[in-house]
Amino acid sequence: MAEKNIYLPYLMRVAKVTDEAPAVKTFRLEFVNPEDADNFDFNTGQFGLYSAFGEGESTFCIASSPTRKGYIECTFRAVGRVTHALAAKEEGDIIGFRGPYGNLFPIEEWRGKNLLFVAGGIALPPLRSVIWNCLDQRDGFRDITVVYGARSVADLVYKYELRDWQERADIDLAVTVDPGGETHDWKGKVGFVPPIVEQLAPRSENTIAIVCGPPIMIKHTLPLLETLGFTSDCIYTTLENRMKCGLGKCGRCNTGRSFICKDGPVYTLAQLQELPAEY
Amino acid sequence: MATTLKISAASLAALFAVLGDAGRRILGPAEVDGRIELKAVRTLAEVAGDQIQPVLSAKETAFPRVERLLSYRMAPGKVELQDYDPEVQPTVLFGLRPCEAAGFNSLDAVFNWDTRDKFFNARREQLTVVGLSCTQADDACFCTSVGGGPGSTKGSDILLTPLPEGGYLAEILTERGEALKDLAPALFQPANGEDKEAMLAKVEPSFEHQGLAAKLPGLFTSDIWAEQSLRCIGCGACAFVCPTCVCFDIQEEADTKQGQRLRCWDSCGLRQFTLHASGHNPRSAQSERWRQRIYHKFGYFAERFGGPMCVGCGKCSRACPVDMNLKEHLTQVYEV
Amino acid sequence: MEALRTKAKELLAQGEVQVVIGYEAGTAGVRRPCFVRTAESAIRLVWDTNCIGNLAGYLTRPEIKRFGKPAIVANNAVLRSLLQLVAERQLQQDAVLALAVAQDGVVTELPTAQAVEDYLAISPGGLSAADREKMEHLAQLSREERWTFWQRELERCIKCYACRSSCPMCYCGHCTMDCNRPQWVSVPSHALGNLEYHTVRAMHLAGRCVQCGECGRACPVGIPIHLLTCYAEESVHRQFGQQAGTRAKLDYALGAFRPDDKESFIR
């Protein structure tokens with residue numbers, strides 16, 4: 001008889017706070033109840049609803065890799081009521097987490113392929129989960145290329161990991177900032193993401209492209225990838241509509257025949273083209 | 001399992017007393033402050049007779065306008081969560097129109113596909129729906145266009161249909177209906193070939209919902225949505241009175257020490273529904289929100305759950321401050 | 001009605017206006033808003049005693065504004081709203097051509113706010129007799145009885161915001177009710193949320209409400225919510241001697257200081 005309350009979050013302790021960029025933070029979250037930690041599993045690409053008790057819930061992806069057990073990480077920008085309240089949390093504070101929700105990046109299907117990641121600004125976190133997942137099983141994939149851009153050097157997230165990736169031989173990384181966003185000692189590229197991708201001219205053969213970023217970046221990157229020979233079923237992205245339940249009930253994220261919280265957030269370009277552009 | 005019986009008006013009145021004695025709350029359309037509302041009644045005499053249906057739907061009995069989902073206490077470095085179970089009383093919904101009764105099927109689908117919503121289910125399981133067939137209809141009604149009818153049994157546990165010679169035909173449709181009848185089996189008599197159709201309202205179909213659904217994919221970029229929605233003022237009246245609209249918001253109410261999470265009705269017609277904190281709005285124009293309402297009900301929902309998310313009750317049309325008559329609009333779309 | 005159709009046809013044919021906002025026949029005798037954009041479709045327009053809705057809310061809606069210059073079929077409520085919108089700088093003095101229709105069907109063109117003001121000076125309109133009676137009834141009740149009355153009425157509120165959406169003076173792009181940093185007003189339609197919403201709204205309309213009663217008509221559950229805004233409006237009228245919707249140049253009574261303002265409310 002006693003049914004489960006599907007709206008009840010896990011209690012999570014903020015184990016580590018990292019300042020990434022202006023108003024952008026990363027939390028490492030650990031389960032308050034060790035049993036929850038043991039039973040918890042997720043797939044790369046999934047998201048959750050994070051509670052700041054007293055203010056409400058906000059939706060964003062799990063930015064860590066499922067290969068790293070015992071914790072999850074999320075990266076968010078303080079924009080609204082909940083994210084501002086979350087941003088005020090310190091190490092040791094308790095927040096809530098509901099999830100994991102949604103579908104996944106089908107990385108098992110990508111084994112033996114080249115991977116091209118293209119990310120802009122605050123949209124690197126969902127791809128970071130995939131990148132680490134693949135790097136942690138490096139033998140399973142061929143070339144891994146990452147193109148990441150932000151408005152300015154200060155706006156780049158995971159700077160410490162970008163440095164690591166830069167040094168690793170098994171991943172090609174191009175980091176760029178918009179013209180005018182560079183500092184005097186900036187050693188990376190300067191320019192918008194799409195032209196940088198164009199310069200790199202990645203091979204489309206046996207390659208999966210995973211793209212996530214602001215609409216303007218997406219708008220210019222997708223046609224470019226198609227010109228490079230990527231077919232629409234080999235290009236993936238992840239959407240983030242406003243959500244309240246994450247369970248396909250509240251109706252908020254409904255876009256076309258899709259509930260982004262259930263049928264998404266991960267879509268191929270081919271699937272996206274079937275949906276109305278209401279995201 | 002359906003069995004067809006008869007019940008006289010006097011026996012029906014007596015059934016009310018039996019239900020009361022059995023601890024059942026009875027909710028029925030009755031007059032309150034000059035308005036017909038769904039309210040707790042004790043006798044058949046209190047139930048409003050000559051009326052189409054109340055403004056608000058009965059969905060509130062399973063999906064209240066505001067309800068608690070959980071609560072919590074906060075202290076430095078500590079949060080104590082409290083689950084919540086709604087207090088529910090066994091309830092008979094008496095005199096629900098067949099359209100409204102059918103509305104529960106849509107709610108059941110959304111609240112229980114994929115994951116089960118215990119709040120909805122706890123209330124829903126305590127409801128017994130005694131439907132009452134329609135002997136009158138108005139210009140807003142279109143049940144027969146969406147798979148229902150003035151005597152449709154969908155969603156009712158017992159359906160009563162008035163008979164010309166007085167009394168009612170009583171179709172016992174489900175186990176819950178059977179259980180209710182078994183509280184006073186002597187009040188019911190066997191039916192004897194009475195004509196159920198005799199007193200039923202005539203509702204001519206205006207369109208055909210499968211045909212409508214088939215039209216929608218080709219009309220997404222049509223001007224018809226902007227044209228139809230010009231007078232729409234963007235309030236939530238249509239969704240809030242709708243027996244099938246289920247969209248909701250989750251709101252937090254708290255002080256520094258404790259708080260609760262509340263679910264409340266929301267509507268895709270409201271601008272804030274999809275508005276991101278960043279200011280971006282995927283459906284920024286009213287025409288896009290109107291289109292979403294139609295597509296969700298007659299396209300997306302139908303595709304996922306196998307029928308329209310609309311029972312043709314016409315509540316939205318009657319409640320609309322600017323006469324956005326749904327039947328008229330759907331007929332227009334159908335005839336494009 | 002023929003005079004109105006002829007006038008609308010003429011205005012549209014000559015390009016003097018691009019849209020005529022008026023009433024058309026709706027469901028079961030209801031008169032609903034319509035937007036006539038071609039001379040041929042002027043035939044849709046109707047005018048009779050059922051044309052009671054206030055159409056002025058459409059004058060500030062982007063979907064309607066993009067059509068170009070509007071004419072609006074105007075009852076007194078529309079005219080008062082027009083003046084108030086001009087006073088609040090939401091409309092230019094001559095941005096709208098008001099078509100006042102008299103009971104005998106004669107159409108008077110009111111091209112400027114001044115013309116509207118002059119017309120209203122002769123025939124001001126205002127609260128209906130029935131509403132006046134209800135207001136007086138409420139005024140006679142004791143404080144406790146009035147509180148009970150409103151509690152009972154507001155209990156019905158489902159927060160669909162039809163009152164706000166139908167109000168010509170609720171034109172704000174970002175309403176206080178939707179503000180969540182801070183969350184000024186509780187969102188759910190429980191007792192507190194409803195009380196906060198309606199009292200805040202009434203306060204925001206004090207000195208701005210043209211007493212058209214549109215919010216009360218819009219309410220799906222039949223709350224006579226206009227009585228609250230009308231009360232707030234009349235209170236400002238009593239205190240400061242000015243009335244919304246009577247002049248095109250009107251300082252907001254609660255936002256402007258005048259040396260002769262009464263101070264009796266400060267205790």
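Chains as they are written, first to last, in this note's numbering: chain X, 1 to 279; chain A, 1 to 336; chain B, 1 to 267.
Think of the CB as a built atom: it goes at the ideal place given N, C-alpha and C, for glycine as much as any other residue.
- Under the three-state reduction of DSSP, residue 11 (chain X) is assigned to strand.
- For residue 106 (chain A), the enclosing alpha helix (DSSP H) begins and ends at 98 to 112.
- 249, 251, 252, 253, 262, 263, 264 and 265: these are the residues of the region 243 to 266 of chain A whose beta carbon lies less than 9 Å from some beta carbon of chain B, given in chain order.
- Residue nearest to residue 176 (chain B) within the set B:147, B:196 and B:253 is B:196 (criterion: CA-CA distance).
- CA-CA distance, residue 233 (chain B) to residue 71 (chain X), rounds to 58 Å.
- With at least 16 other beta carbons inside 10 angstroms of its own, residue 210 (chain B) counts as buried.
- Residues of chain A with a Cβ closer than 8 Å to the Cβ of residue 245 (chain X) are, in chain order, 248 and 250.
- At a cut-off of 8 Å between C-beta atoms, residue 232 (chain A) does not count as an interface residue with respect to chain X.
- Taking a contact to require three or more Cβ pairs closer than 8 Å, the region 299 to 312 of chain A and the region 100 to 119 of chain A qualify as touching.
- Nearest Cα to residue 197 (chain A) within the set A:284, A:134, A:184 and A:289: A:134.
- Within the region 79 to 99 of chain X, the residues whose Cβ lies closer than 8 Å to any Cβ of chain B are, in chain order, 80, 81 and 84.
- Within 10 angstroms of the beta-carbon of residue 130 (chain B) lie fewer than 16 other beta-carbons, which makes it exposed.
- Excluding sequence positions up to five before and after residue 72 (chain A), its CB lies within less than 7 Å of the CB of 79, 80, 81, 82, 258 and 259, all in the same chain and listed in chain order.
- Nearest Cα to residue 59 (chain X) within the set X:260, X:40, X:273 and X:275: X:260.
- Within chain B, 26 and 27 have C-beta atoms less than 8 Å from the C-beta of residue 325 (chain A), given in sequence order.
- Beta-bridge pairing by DSSP links residue 114 (chain X) to X:207.
- Around the beta-carbon of residue 70 (chain B), 16 or more other beta-carbon atoms lie within 10 Å, marking it buried.
- Under the Cβ criterion of 8 Å, residue 177 (chain A) is not counted among the residues facing chain B.
- Close partners of residue 223 (chain A) in chain B (Cβ separation under 8 Å) are lacking, with about 12 Å as the shortest Cβ gap.
- By the criterion of a C-beta distance shorter than 7 Å, residue 219 (chain B) is surrounded in its chain by 162, 163 and 225, once the five residues flanking it on both sides are discounted.
- By the CB criterion at 8 Å, residue 153 (chain A) and residue 173 (chain A) fall inside the cutoff.
- The Cβ-Cβ distance between residue 138 (chain A) and residue 314 (chain A) falls below 8 Å.
- One Cα belongs to residue 86 (chain B), the other to residue 92 (chain B), and the distance between them is close to 6 Å.
- In this structure, residue 63 (chain B) lies near residue 230 (chain A), with their beta-carbon atoms less than 8 Å apart.
- Here residue 117 (chain A) carries a coil assignment [DSSP, helix/strand/coil].
- Within chain X, the residues placing a beta-carbon under 7 Å from that of residue 303 (chain A) are 257, ordered along the chain.
- If you draw a 10 Å sphere on the C-beta of residue 172 (chain B), you find fewer than 16 other C-beta atoms in it, and that means exposed.
- Between residue 174 (chain X) and residue 200 (chain X), the C-beta spacing is below 8 Å.
- Rounded to whole angstroms, the gap between the alpha carbons of residue 248 (chain B) and residue 26 (chain B) is 33 Å.
- Collapsing the DSSP output to three states places residue 82 (chain A) in a strand.
- The alpha helix (DSSP H) runs lying completely inside the region 114 to 200 of chain X and spanning 4 residues or more are 124 to 135, 159 to 167 and 193 to 200, given in chain order.
- Counting the other CB atoms within 10 Å of its CB gives residue 147 (chain B) a total below 16, which places it among the exposed residues.
- With contact defined as three or more Cβ pairs closer than 8 Å, the region 94 to 114 of chain X and the region 124 to 140 of chain X are in contact.
- Secondary structure at residue 210 (chain B): coil, using DSSP grouped into helix, strand and coil.
- For residue 117 (chain A), there are no neighbours in chain B by C-beta distance under 7 Å, as the nearest C-beta there is about 18 Å away.
- Here the alpha carbon of residue 155 (chain A) sits roughly 50 Å from the alpha carbon of residue 24 (chain X).
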